[in-house]
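What follows is one structure encoded as structure tokens, with my remarks underneath.
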Amino acid sequence: MAILEVKNLTHTYSENSAFINDAVSDVSFTVEKGEIIGIIGHTGSGKSTLVQHLNGLLKPTVGTVLFEDTDIWEKPKEIRKIRSKVGLVFQYPEYQLFEETVFKDICFGPKNMGLSGDELKERVLEICKIVGVREEYFQKSPFDLSGGEKRRVAIAGVMAMRPEVIVFDEPTAGLDPSGRENVMQIIKDYREATGATVIIISHSMEDMASLVDKILVMNKGRLYMFDTVENVFSKKEELESIGLNVPIVTRVFLELKRKGIDIDTNVFTVQRAIEVLNSLKEGNGNA
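Start counting the sequence shown at 24; every next residue gets the next number (the numbering used here).
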């Protein structure tokens with residue numbers, strides 16, 4: 024069942040001026056309920072502009088965005104309701120923290136949805152358990168936390184609204200490897216706990232390979248490819264032609280194949296690489 028459908032979406036900046044620019048041009052795709060979708064593309068390919076249409080932060084110049092078969096702009100005055108159903112976590116979300124305590128910041132979204140009292144507190148506790156925000160932090164100022172802790176709080180604030188779709192724009196930007204791994208685990212845990220549909224923009228092919236079901240590739244504002252992880256990453260030359268690449272582990276296996284080793288090259292994660300190498304070691308050939 025489709026939860027989101029984008030139809031012939033075009034977004035034009037600086038209309039009626041000499042600087043007119045189609046940041047997104049005639050893009051159409053469908054997201055099924057419960058899917059995890061990755062969006063990749065070089066800088067300026069239209070990724071961030073595209074996802075800002077999914078919850079009505081931007082309005083299409085041409086085309087429509089449907090949430091559960093209804094145009095999200097059918098009733099413009101009710102667009103805030105869409106934003107509680109389709110949550111958006113911006114790049115560097117910690118910059119949007121503003122309340123005086125961690126607890127109040129996480130409460131802000133669900134409180135505006137009408138939650139209060141024990142229901143509100145239970146919602147916040149539930150999300151903090153998933154995200155890893157400890158109760159001892161609740162009365163601290165979010166600005167006294169470390170960078171990684173701030174990001175957890177900011178993500179918790181969006182998750183606490185319990186959106187049916189949650190969109191992440193480069194959620195691991197600026198983090199060290201440990202921080203990146205923690206954030207990706209938070210996303211996995213949230214999806215497993217809630218069954219939410221997840222959409223992630225990332226420059227990390229490794230993150231895409233380990234987490235998503237399908238990958239949407241943007242190029243110069245247009246949809247270049249939308250398929251399974253295996254089908255997208257099997258097109259190494261096509262991706263390279265638009266300035267992208269496949270995961271590092273895939274490149275290693277492609278090089279082994281080029282050197283004459285009979286080995287499966289449909290390897291996109293370290294775990295899959297271990298399985299294939301163990302099979303080769305045991306004399307089974309391709310796994």
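Note that beta-carbon positions come from the ideal geometry of N, C-alpha and C, so glycine has one too.
Mapping DSSP to helix, strand and coil, what is residue 300?
If DSSP states are grouped into helix, strand and coil, residue 300 belongs with the helices.
Taking 8 Å as the cut-off, decide whether the C-beta atoms of residue 63 and residue 231 are in contact.
In this structure, residue 231 lies closer than 8 Å to residue 63 by Cβ.
For residue 211, which three-state DSSP category applies?
The answer is helix: DSSP assigns residue 211 an H, G or I state.
Report the rounded CA-to-CA distance for residue 36 versus residue 72, giving the unit in angstroms.
If I take the Cα positions, the gap works out to 10 Å.
Quick one: Cα of residue 242 to Cα of residue 51, how far?
If I take the Cα positions, the gap works out to 14 Å.
Assuming residue 244 and residue 46 are in contact, meaning their beta carbons sit under 8 Å apart, how far apart are those beta carbons, in whole angstroms?
In this structure, residue 244 and residue 46 form a Cβ contact; the two beta carbons are roughly 6 Å apart against a cut-off of 8 Å.
Taking the straight line between their C-alpha atoms, what separation do you get for residue 121 and residue 102?
The straight-line gap from Cα to Cα measures roughly 23 Å.
What residue range does the beta strand (DSSP E) around residue 89 cover?
Counting along the chain, the unbroken beta strand (DSSP E) around residue 89 starts and ends at 85–90.
Any idea which residues DSSP pairs residue 221 with across the strands?
Answer by DSSP bridge pairing, in chain order: 59 and 189.
Closest residue to residue 148 among 184, 167 and 113 (Cα-Cα distance):
Of the candidates 184, 167 and 113, the one whose C-alpha sits nearest the C-alpha of residue 148 is 184.
Considering only their Cβ atoms, is the gap separating residue 26 from residue 190 smaller than 8 Å?
Between residue 190 and residue 26, the CB-CB gap reaches or exceeds 8 Å.
Does the beta-carbon distance from residue 299 to residue 287 come in below 8 Å?
Between residue 299 and residue 287, the C-beta spacing is below 8 Å.
Mapping the DSSP letters down to three states, classify residue 136 as helix, strand or coil.
Note: residue 136 maps to coil in three-state DSSP.
Exposure of residue 78, with buried meaning 16 or more beta-carbon neighbours within 10 Å
Note on residue 78: 16 or more other CB atoms within 10 angstroms of its CB, so buried under the neighbour-count rule.
Just to confirm, are residue 84 and residue 53 a CB contact at a threshold of 8 Å?
In this structure, residue 53 does not lie closer than 8 Å to residue 84 by Cβ.
Residue 156 versus residue 176 - alpha carbon distance
Rounded to whole angstroms, residue 156 to residue 176 spans 7 Å at the Cα level.
From the DSSP secondary-structure annotation, give me the bridge partner or partners of residue 30.
Residue 30 is bridged by DSSP to 87.
Take the Cβ of residue 75 as the centre, count every other Cβ of all protein chains shown within 10 Å, and call the residue buried at 16 or more, exposed below.
Residue 75 is buried by the Cβ-count criterion.
Limits of the unbroken alpha helix (DSSP H) element including residue 157:
Counting along the chain, residue 157 sits inside no alpha helix (DSSP H), nor does DSSP assign it H or E at all.
According to DSSP, simplified to helix, strand and coil, what is residue 169?
In the structure shown, residue 169 falls within a coil segment according to DSSP collapsed to helix, strand and coil.
Where does residue 24 sit, in a helix, a strand or coil, going by DSSP?
Secondary structure at residue 24: coil, using DSSP grouped into helix, strand and coil.
For a test of the three-state rule: what should DSSP assign to residue 94, helix, strand or coil?
Strand at residue 94.
Going by beta carbon distance, what residues of the same chain come within less than 6 Å of residue 226, once the five residues before and after it are set aside?
Leaving aside the five residues that flank residue 226 on each side, none in its chain has a CB nearer than 6 Å to its CB.
Pick from 192, 153 and 138: whose alpha carbon is nearest that of residue 116?
It is 192 whose Cα lies nearest to the Cα of residue 116.
For residue 194 versus residue 108, is the C-beta distance shorter than 8 Å?
No, the pair does not count as a contact, with Cβ atoms beyond the cut-off.
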